[in-house]
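Student:
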């Protein structure tokens, strides 16, 4: 695709752009395979708020509302070539549109690309180390055999593996940390205003606190359909009973 064709909007994804996106969407994982099918039917309909490599995919005639915040990330990773690389981010579909970001190491793409490696958060499964660097991942089982929350201190990333669709949903750290602080009821600014602490001092936060914070987070963002009675981590009996009653009440059970 020529440079002039790439600047024309709306336009189809180039074969290389589609290749990069699909490298982040493993076909053997059902949720990601559904995103492959969606992307096959979409066009680049305009740019996002973060520069020339930030796009929205949609149908011709769709309108982009940049006043709405970006939806959560469902896939991210990097394709590495001998003299070029691209970091790919794919956001969750919202109102039939998908935001993507293709952060290239250079705006000039070499003619003869030789791919050296590729990694993505999409490939991760429970009990594995972090992608790319094989660093330590802390896992918290939210719902046994269904939902696992992963904290990767070296990456400074948090994601949630959902067994139902096999997608790893990257969680905004600041939002989630705010729910942790609400659970702890700790107003010390050194702790409450330092989201990075979940990575630098991860052992300070028990599985019980993280699980409870995730239920609060999910109640607001409604990312997962979960039965609160299956809460895997064991809260103190009184605290657990109070919390689960609160969760059921606020979900109309």
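Residue numbers (the working numbering): 65 to 317. We put the CB at the ideal spot given by N, CA and C, even for glycine.
Decide yes or no for the touch test of the segment 195-203 against the segment 213-233: beta carbon pairs closer than 8 Å, at least 3 of them.
Tutor: The segment 195-203, when compared against the segment 213-233, does touch it at the 8 Å Cβ threshold.
Student: To test your reading of the DSSP string, which unbroken beta strand (DSSP E) runs of 3 or more residues are found completely within the segment 149-227?
Tutor: Runs of the beta strand (DSSP E) inside the segment 149-227: 149-155, 162-168, 179-184, 202-207, 211-216 and 221-226.
Student: Would you tell me roughly how many angstroms separate the C-alpha atoms of residue 180 and residue 142, rounded to the nearest one?
Tutor: Taking the chain shown and counting its residues from 1, the one referred to as residue 180 is at position 116. Taking the chain shown and counting its residues from 1, the one referred to as residue 142 is at position 78. The alpha-carbon atoms of residue 180 and residue 142 are separated by roughly 11 Å.
Student: For the alpha helix (DSSP H) that residue 135 lies in, which residues bound it at each end?
Tutor: The sequence position of residue 135 within the chain shown is 71, counting from 1. That residue, residue 135, is in no alpha helix (DSSP H); it is neither H nor E in DSSP.
Student: Determine the closest residue to residue 226 out of 249, 187, 247 and 256, with distance taken between C-alpha atoms.
Tutor: Within the chain shown, residue 226 is the residue found at index 162, counting from 1. Ranking 249, 187, 247 and 256 by Cα distance to residue 226 puts 187 first.
Student: As a quick exercise: from 129, 139, 77 and 128, pick the residue whose alpha carbon is nearest that of residue 319.
Tutor: Given a span of 65 to 317 for the chain in the structure shown, any question on residue 319 remains unanswerable.
Student: Starting from residue 245, trace the alpha helix (DSSP H) in both directions and tell me its first and last residue.
Tutor: Taking the chain shown and counting its residues from 1, the one referred to as residue 245 is at position 181. Here the alpha helix (DSSP H) through residue 245 covers 237-248.
Student: Using only the alpha-carbon positions, how far apart do residue 170 and residue 191 sit?
Tutor: Numbered from 1 along the chain shown, position 106 holds the residue referred to as residue 170. Numbered from 1 along the chain shown, position 127 holds the residue referred to as residue 191. Cα to Cα, residue 170 sits roughly 35 Å from residue 191.
Student: Ignore the nearest five residues each way along the sequence and tell me which others in residue 262's own chain have a CB closer than 6 Å to its CB.
Tutor: In the chain shown, the residue the question calls residue 262 occupies position 198. Taken in chain order, the residues that qualify are 241.
Student: With three or more beta-carbon pairs closer than 8 Å as the criterion, would you say the segment 154-171 touches the segment 118-128?
Tutor: In short, these stretches touch, since the Cβ pair count reaches three.
Student: So, residue 285 versus residue 74, is the Cβ gap smaller than 9 Å?
Tutor: To locate residue 285, count along the chain shown from 1; it is residue 221. To locate residue 74, count along the chain shown from 1; it is residue 10. No, Cβ-Cβ distance for residue 285 and residue 74 is not below 9 Å.
Student: Excluding the 5 residues preceding and the 5 following residue 144 in the sequence, name in chain order all residues of the same chain whose CB lies nearer than 6 Å to its CB.
Tutor: For the purposes of this step, residue 144 is taken as residue 80 along the chain shown, with counting starting at 1. Closer than 6 Å at the Cβ level, and outside the excluded window around residue 144, lie 180 and 181.
Student: Give me the DSSP bridge partner(s) of residue 143.
Tutor: Within the chain shown, residue 143 is the residue found at index 79, counting from 1. Note: residue 143 sits in a beta bridge opposite 150 and 182.
Student: For residue 264, count neighbouring Cβ atoms within 10 angstroms of its own Cβ and tell me buried if that reaches 16, exposed if not.
Tutor: For the purposes of this step, residue 264 is taken as residue 200 along the chain shown, with counting starting at 1. By the 10 Å Cβ count, residue 264 comes out exposed.
Student: So residue 274 is in the alpha helix (DSSP H); what residue range does that whole segment cover?
Tutor: Residue mapping note: residue 274 aligns to position 210 of the chain shown, counting from 1. Per DSSP, residue 274 belongs to the alpha helix (DSSP H) from 271-285.
Student: If you drop the 5 nearest sequence neighbours on each side, which residues of the same chain put their C-beta closer than 6 Å to that of residue 82?
Tutor: Your numbering for residue 82 matches position 18 in the chain shown. Closer than 6 Å at Cβ, skipping near neighbours: no residue.
Student: Please return the same chain residues whose Cβ sits closer than 8 Å to the Cβ of residue 87, not counting the five positions on each side in sequence.
Tutor: Translated into the one-based positions of the chain shown, residue 87 becomes position 23. Closer than 8 Å at the Cβ level, and outside the excluded window around residue 87, lie 141, 143, 152, 182 and 184.
Student: Classify residue 75 as helix, strand or coil using the three-state DSSP reduction.
Tutor: Within the chain shown, numbered from 1, the residue matching residue 75 stands at position 11. If DSSP states are grouped into helix, strand and coil, residue 75 belongs with the strands.
Student: Based on the DSSP output, what are the partners of residue 111 in its beta bridges?
Tutor: Translated into the one-based positions of the chain shown, residue 111 becomes position 47. Residue 111 is bridged to 119.
Student: Which residue comes first and which comes last in the alpha helix (DSSP H) that contains residue 255?
Tutor: As a first step, residue 255 must be located in the chain shown, where it is residue number 191. First-last of the alpha helix (DSSP H) with residue 255: 253-256.
Student: Quick one: grab the DSSP three-state call for residue 106.
Tutor: Numbered from its first residue, the chain shown carries residue 106 at position 42. It is coil, neither helix nor strand.
Student: When the Cα atoms are used, what is the spatial distance from residue 194 to residue 223?
Tutor: Working through the chain shown from its first residue, we reach residue 194 at position 130. Working through the chain shown from its first residue, we reach residue 223 at position 159. Their Cα atoms are separated by approximately 11 Å.
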